[in-house]
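**Student:** Before I ask anything, let me first share the structure, which is written out below as structure tokens.
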Amino acid sequence: KQEVTQIPAALSVPEGENLVLNCSFTDSAIYNLQWFRQDPGKGLTSLLLIQSSQREQTSGRLNASLDKSSGRSTLYIAASQPGDSATYLCGAGANNLFFGTGTRLTVIP
Amino acid sequence: NAGVMQNPRHLVRRRGQEARLRCSPMKGHSHVYWYRQLPEEGLKFMVYLQKENIIDESGMPKERFSAEFPKEGPSILRIQQVVRGDSAAYFCASSPTGPNEKLFFGSGTQLSVL
């Protein structure tokens, strides 16, 4: 069964810093890996999707990488802003996504 | 194009009652996924449905829980004889043609069992 782990569980950074969130998964037989953000009391918003055949995806200040062989993905956020404060979740899988427990990010103005 | 719509947003039930959670996928999406989120825990997959078919229900508890996605109308997650441990946020997601695409999530239904 797929297990997804996210490190760190919480992260606090000053505004403007670049940061990296980590995600690891145990079963490399995935269709894709997706990064989401979740604001308190809300649903998940899709940020980036990396197909299993891809190495990375970029959207604005976000860049996600995927290394299937080592079972790892990273989400890089450049020039962080207070509006980036949220919980970030990664999901990996085939017919369905298995999620980690997330990284709670706080960007301090 | 409205997003994934879930209702109700909040549902309160007493132990032993039935809970019905509804999910209308995004327009043009025929694949629906249900997840449950317990406090301080991650999202747990429950069931994956396509119109009129259950594709994967490996995450569904064996008793009291059922799901459907009829040809017409929303997908329904039904919990019979609710217990306190069923209290959680239930999220629905949809995708256009399958699991190899972006998932779009609804805002969830918060179920509270008294």
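Chains A and B, in that order, give the protein sequences.
For the first sequence, this note's numbering assigns the number 1 to the initial residue and increments by one for each residue that follows.
For the second sequence, this note's numbering assigns the number 1001 to the initial residue and increments by one for each residue that follows.
Ideal Cβ placement from N, Cα and C applies to all residues, glycine included.
Would you grab the beta carbon distance between B:S1075 and B:A1067 for me? Rounded to a whole angstrom, and I think it's under 8 Å.
**Tutor:** 7 Å
**Student:** Cβ closer than 9 Å: which chain B residues qualify as neighbours of A:Q54?
**Tutor:** Residues of chain B with a Cβ closer than 9 Å to the Cβ of A:Q54 do not exist; the shortest Cβ-Cβ separation is about 12 Å.
**Student:** Could you work out which residues of chain A lie near B:E1091, taking near to mean beta carbons separated by less than 8 Å?
**Tutor:** Here residue 1091 of chain B is Phe; the residue named in the question, Glu, does not match the sequence. Going along chain A in sequence order, the residues near B:F1091 (Cβ under 8 Å) are G43 and L44.
**Student:** By how many angstroms is the C-alpha of A:T74 removed from the C-alpha of B:R1020?
**Tutor:** 38 Å
**Student:** Could you tell me which chain A residues have their CB closer than 8 Å to the CB of B:N1100, listed as they occur along the chain?
**Tutor:** In chain order: Y31, N32 and Q51.
**Student:** Just how far apart, CA to CA, sit A:Q34 and B:L1077?
**Tutor:** 24 Å
**Student:** Give me the Cα-Cα distance between B:P1025 and A:L97, rounded to the nearest whole angstrom.
**Tutor:** 17 Å
**Student:** Do A:E116 and A:V107 have their C-beta atoms within less than 9 Å of each other?
**Tutor:** Absent from the structure is residue 116 of chain A, since the part of chain A shown begins at 1 and ends at 109.
**Student:** Which residues of the segment 1049-1082 of chain B have a Cβ closer than 7 Å to any Cβ of chain A? Give them in chain order.
**Tutor:** I1055 and D1056
**Student:** Measure the C-alpha to C-alpha separation of B:N1100 and B:S1112 and round it to an integer number of angstroms.
**Tutor:** 33 Å
**Student:** Taking B:Y1090 as the reference, which of B:L1043, B:Q1017, B:R1015 and B:S1030 has the closest Cα?
**Tutor:** B:L1043
**Student:** Could you tell me which chain B residues have their CB closer than 9 Å to the CB of A:L97, listed as they occur along the chain?
**Tutor:** Y1033, Y1035, L1043, F1045, A1093, P1099 and L1103
**Student:** Residues in the same chain with beta-carbon distance under 7 Å from B:I1055, minus the five sequence neighbours each way, listed in chain order, please.
**Tutor:** Excluding sequence neighbours, B:I1055 sits near Y1048 and L1049.
**Student:** DSSP puts B:E1068 in a beta bridge; with which residues?
**Tutor:** B:I1076
**Student:** Identify, in the order they occur along the chain, each residue of the same chain with its Cβ nearer than 8 Å to the Cβ of B:G1003, setting aside the five sequence neighbours on each side.
**Tutor:** M1026, F1104 and G1106
**Student:** Straight-line CA distance for B:L1011 to B:P1096?
**Tutor:** 28 Å
**Student:** Excluding sequence positions up to five away, which residues of its chain have a Cβ less than 6 Å from the Cβ of A:L21?
**Tutor:** Closer than 6 Å at Cβ, skipping near neighbours: L75, Y88 and T103.
**Student:** Using only the alpha-carbon positions, how far apart do B:E1057 and A:E15 sit?
**Tutor:** 43 Å
**Student:** By a C-beta neighbour count over all protein chains shown, 10 Å radius and 16 as the cutoff for buried, is B:N1053 buried or exposed?
**Tutor:** exposed
**Student:** Using a cut-off of 7 Å between C-beta atoms, extract the partners of B:S1107 located in chain A.
**Tutor:** K42 and G43
**Student:** I'd like the list of long-range same chain contacts for B:G1016, defined as Cβ closer than 6 Å, with 5 residues on each side in sequence excluded.
**Tutor:** In its chain, beyond the 5 residues on either side, Q1081 have a beta carbon closer than 6 Å to the beta carbon of B:G1016.
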